[in-house]
Amino acid sequence: MSSGQRVMALIVKETRQVLRDPSSIAIGVVMPMILILLFGYGLSLDVKNVPVALVVEDPSPTATELVAGFQLSPYFNAQITYSLPPAERMMLEHSVDAIVRIPSDFARHVNEGSAQVQVLLHGGDANRARIIQGYVQGAIQAWNVRQAAEGKAMSTGSVAIQSRLWFNDANESHYFLVPGLIVLVMTLIGALLTAMVMAREWERGTLESLFVTPVRSEEILLGKTIPYFLLGMIGLALCIVSAKFLFHVPLRGTLPVLLGASILYVLVALGIGLLISSSVKNQLVASQLALLATFMPAMMLSGFLFDLRSMPTAIRLVTYLLPARYYVTLLQTIFLAGNVWSVIVPNMLVLLAMIVLLGIGSRAVTRKRLD
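This is the structure in structure tokens:
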């Protein structure tokens, strides 16, 4: 048999092995398709449909025309209020990214050539805030041009804009990035490391030895989880100290609330890792699945790097299944806005529900029996 024939025989043998191994097909075919479709449709650097609260204190036709410019723009998703407190509450909950306040004397000052519009921007993401500020300026300038084209006593630029950043007066990108990086660190410690724990035991055959002892399945899971939980808490402490003293990110909420939210997320990540490794029983596949299910979504689809409201509806619905989405919201709120309970409580309850479901799932797949 020639060398070429031997190589061909090995290729045929390995091809059959690949076709018989579902994990290889999943990693080589299914995972790339999921990634390209999910992230290709979900990720966008465009800023559109910006949620903005329009505080209309002047009911005059002049102010109404300005409001219509925001309502008809594809760049804004305008919500009308007639006083500032409701708009401030929406900004605090981060349901809007900006407040545009049209004062009660707007029409009179327009006629005098000294009109002003107040713009309050959510500064959590400093770069996004700058883009939104440019959009607001563009909408007002377009209104100025329309006024001049209609022959009204207006000159372009006569409406001044008073802008202010909330939650990030220093206009620092660290305020936005560091909380997101904490999410990635907790995901790595909780999910990626834990995903290989049970799989490693299966590969080494040591789990069979545990099965013949009086140790119960839930005790095995606790024994595997607690060391990584403590490791996660050490990592969290280092992250908080670094955020506060190295990057000078303000912590406007309280430390117990931050710790409570972080503990819930670490437990969720540990649960995902254990569920994966208990199911696949292979370290390579477990690590790949952990990356696909936790780390990459935490980076791309959690709201850390890309705004969720700019994503298509189908992708945005997928993000509700990702625990990192809720942890990013919690960290950004606690660090930058404080203890906003209308945001903190619902997100923590979702993480708590995920812990229960993952605990039940991990217990179900970790049975003291040999296949």
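When you line the sequence shown up against numbering that gives the first Met the number 0, it's residues 0 to 370, in that order. Even for Gly, the Cβ is constructed at its ideal location relative to N, Cα and C.
Residue i and residue j closer than 8 angstroms at C-beta
{"i": "residue 323", "j": "residue 301", "result": "yes"}
{"i": "residue 131", "j": "residue 49", "result": "yes"}
{"i": "residue 248", "j": "residue 334", "result": "yes"}
{"i": "residue 330", "j": "residue 181", "result": "yes"}
{"i": "residue 251", "j": "residue 133", "result": "no"}
{"i": "residue 341", "j": "residue 92", "result": "yes"}
{"i": "residue 100", "j": "residue 144", "result": "no"}
{"i": "residue 69", "j": "residue 138", "result": "yes"}
Residue i - partner residues in DSSP beta bridges
{"i": "residue 165", "result": "121"}
{"i": "residue 76", "result": "50"}
{"i": "residue 159", "result": "115"}
{"i": "residue 100", "result": "54, 117"}
Reference residue i; option with closest CA among the options
{"i": "residue 195", "options": "357, 174, 171, 223", "result": "223"}
{"i": "residue 197", "options": "335, 141, 272", "result": "272"}
{"i": "residue 215", "options": "115, 362, 46, 261", "result": "362"}
{"i": "residue 114", "options": "312, 55, 105, 65", "result": "105"}
{"i": "residue 360", "options": "217, 135, 253, 306", "result": "217"}
{"i": "residue 351", "options": "275, 341, 264", "result": "264"}
{"i": "residue 318", "options": "299, 340, 330, 143", "result": "299"}
{"i": "residue 71", "options": "320, 135, 284", "result": "135"}
{"i": "residue 225", "options": "202, 253, 345, 269", "result": "269"}
{"i": "residue 398", "options": "260, 88, 32", "result": "Residue coverage of the chain in this structure runs from 0 to 370, which leaves residue 398 outside it and unanswerable."}
{"i": "residue 126", "options": "118, 140, 100, 172", "result": "172"}
{"i": "residue 119", "options": "76, 138, 52", "result": "52"}
{"i": "residue 186", "options": "327, 346, 19", "result": "327"}
{"i": "residue 297", "options": "311, 325, 10, 142", "result": "325"}
Burial state of residue i (16 or more Cβ within 10 Å)
{"i": "residue 168", "result": "exposed"}
{"i": "residue 276", "result": "buried"}
{"i": "residue 63", "result": "exposed"}
{"i": "residue 155", "result": "Unreliable positioning characterises residue 155 in this predicted model, as indicated by a pLDDT of 42, which lies under 50. The coordinate reading is nonetheless provided below. Per the 10 Å Cβ criterion, exposed."}
{"i": "residue 95", "result": "buried"}
{"i": "residue 200", "result": "buried"}
{"i": "residue 369", "result": "For residue 369, the predicted model reports a pLDDT of 47, less than 50, meaning its position is unreliable; a value from the coordinates is still stated below. Residue 369 is exposed by the Cβ-count criterion."}
{"i": "residue 355", "result": "exposed"}
Interface flag, residue i vs chain B, CB-CB below 8 angstroms
{"i": "residue 108", "result": "Here there is only one protein chain, and chain B is not present."}
Any non-hydrogen atom of the ligand SAH within 7 angstroms of residue i CB
{"i": "residue 302", "result": "With respect to small molecules bound, the structure shown includes none, and the ligand SAH cannot be examined in it."}
Kindly confirm or deny that the segment 274-291 and the segment 231-241 touch, where touching means at least three C-beta pairs closer than 8 angstroms. Flag = no, the segment 274-291 and the segment 231-241 do not touch.
If contact is defined by three or more beta carbon pairs under 8 angstroms, each pair taking one atom from either stretch, is the segment 74-84 in contact with the segment 158-173? Fewer than three beta-carbon pairs drawn from the segment 158-173 and the segment 74-84 are found closer than 8 angstroms, and the two stretches are therefore not classed as touching.
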